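The block underneath contains the structure these notes are about, expressed in structure tokens.
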Amino acid sequence: MDVPTDSSALVLLSDMSNEYDLAEAHNGSPYCYICLDSINRSSGDDLELMAPCACQTYIHRCCLDGWRRTSQTINCQTHCPTCLKAFQMESSAPLTKIEHGYEVISTYWWRFMSAYIIVVSAVVFLFNFTHWYHADSATKLDLLPGYFSIAALSLFYPIIVITLVVLGFCILYNMTLGILNICGVATGATTTAPIKIPDPPRVQNLRPLLTN
Numbered sequence: 742m743d744v745p746t747d748s749s750a751l752v753l754l755s756d757m758s759n760e761y762d763l764a765e766a767h768n769g770s771p772y773c774y775i776c777l778d779s780i781n782r783s784s785g786d787d788l789e790l791m792a793p794c795a796c797q798t799y800i801h802r803c804c805l806d807g808w809r810r811t812s813q814t815i816n817c818q819t820h821c822p823t824c825l826k827a828f829q830m831e832s833s834a835p836l837t838k839i840e841h842g843y844e845v846i847s848t849y850w851w852r853f854m855s856a857y858i859i860v861v862s863a864v865v866f867l868f869n870f871t872h873w874y875h876a877d878s879a880t881k882l883d884l885l886p887g888y889f890s891i892a893a894l895s896l897f898y899p900i901i902v903i904t905l906v907v908l909g910f911c912i913l914y915n916m917t918l919g920i921l922n923i924c925g926v927a928t929g930a931t932t933t934a935p936i937k938i939p940d941p942p943r944v945q946n947l948r949p950l951l952t953n
């Protein structure tokens, strides 16, 4: 049998040899593909060997969380870089009413907007068409620009008002904080509290090796 001499074949043989050596070292038992340790603890522990995606390899929970915190890979918090499948997250706590409302709006906002546009457009069209139909023939052409302007304002006026209200609230809020900081009222509250980086959501183990 001829031994391949090209670089790609040598790299392939080297990878196969490394995988064989690791399998022999761990006696065929699963191991973490980051730290190469086969220790496995109970579910939820930092040293739990877990399978977070469709890959056939395992990884410690602490190794996965550390990689998710420090990696610069796109979607490293939510997707596996190898199989590109999304992680399934554990639900740690029930959502509050505000969080639930934000989740619903962020998921179905396009349905709300499309329904709003259809309803407002239909009402404005019927009103304008009725008025235009009963108008004089000489003035029908002159009334069309006004109808288009009314229709546009009916669609975008509520959106503009809500945007201005939110923008004004943000400006007033920041101005209030600035005045309080200048007066020394809120200085201690803003400078003494350390900034805590939130932990990423916990990834669900799809193929647990141990059962509690």
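Under the numbering used here, think of the first position of the sequence shown as 742, with each following residue one higher.
Backbone N, C-alpha and C define an ideal beta-carbon position, used for all residues, glycine too.
For clarity, every value in this text was computed on a predicted model and none was experimentally measured.
So, using beta-carbon positions, are C817 and I775 closer together than 7 Å?
no
C824 and C796 closer than 7 Å at C-beta
When the beta-carbon positions are compared, C824 and C796 come within less than 7 Å of each other.
In three-state DSSP terms, what is L918?
Under the three-state reduction of DSSP output, L918 falls in the helix class.
Rounded C-alpha distance that separates V860 from V902
Each residue's Cα considered, the two are about 19 Å apart.
For the alpha helix (DSSP H) holding D806, just list the boundary residues, first then last.
802 to 811
Please state the DSSP three-state secondary structure of Y954.
Within the shown structure, residues of the chain are numbered from 742 to 953, placing residue 954 beyond reach of any answer.
Who does V902 pair with in a DSSP beta bridge?
Answer by DSSP bridge pairing: none, since V902 is not bridged.
Simplified DSSP assignment, three categories, for C911
Helix, per DSSP.
Assign R810 to buried or exposed, taking buried as 16 or more other Cβ atoms, counted over all protein chains shown, within 10 Å of its Cβ.
exposed
Straight-line Cα distance separating L788 from L950
12 Å
Less than 7 Å between C-beta atoms, sequence neighbours within five positions excluded: which residues of the same chain meet that for S779?
H767, S770, P771, Y772
List the residues that DSSP assigns as beta-bridge partners of V944.
M830
At the level of alpha carbons, what is the spacing between W851 and Y898?
18 Å
To the nearest angstrom, report how far apart I920 and C911 are at their CA atoms.
14 Å
What do you get for L790, buried or exposed, if any count of 16 or more other CB atoms within 10 angstroms of its CB means buried?
When all chains shown are included, L790 counts as buried.
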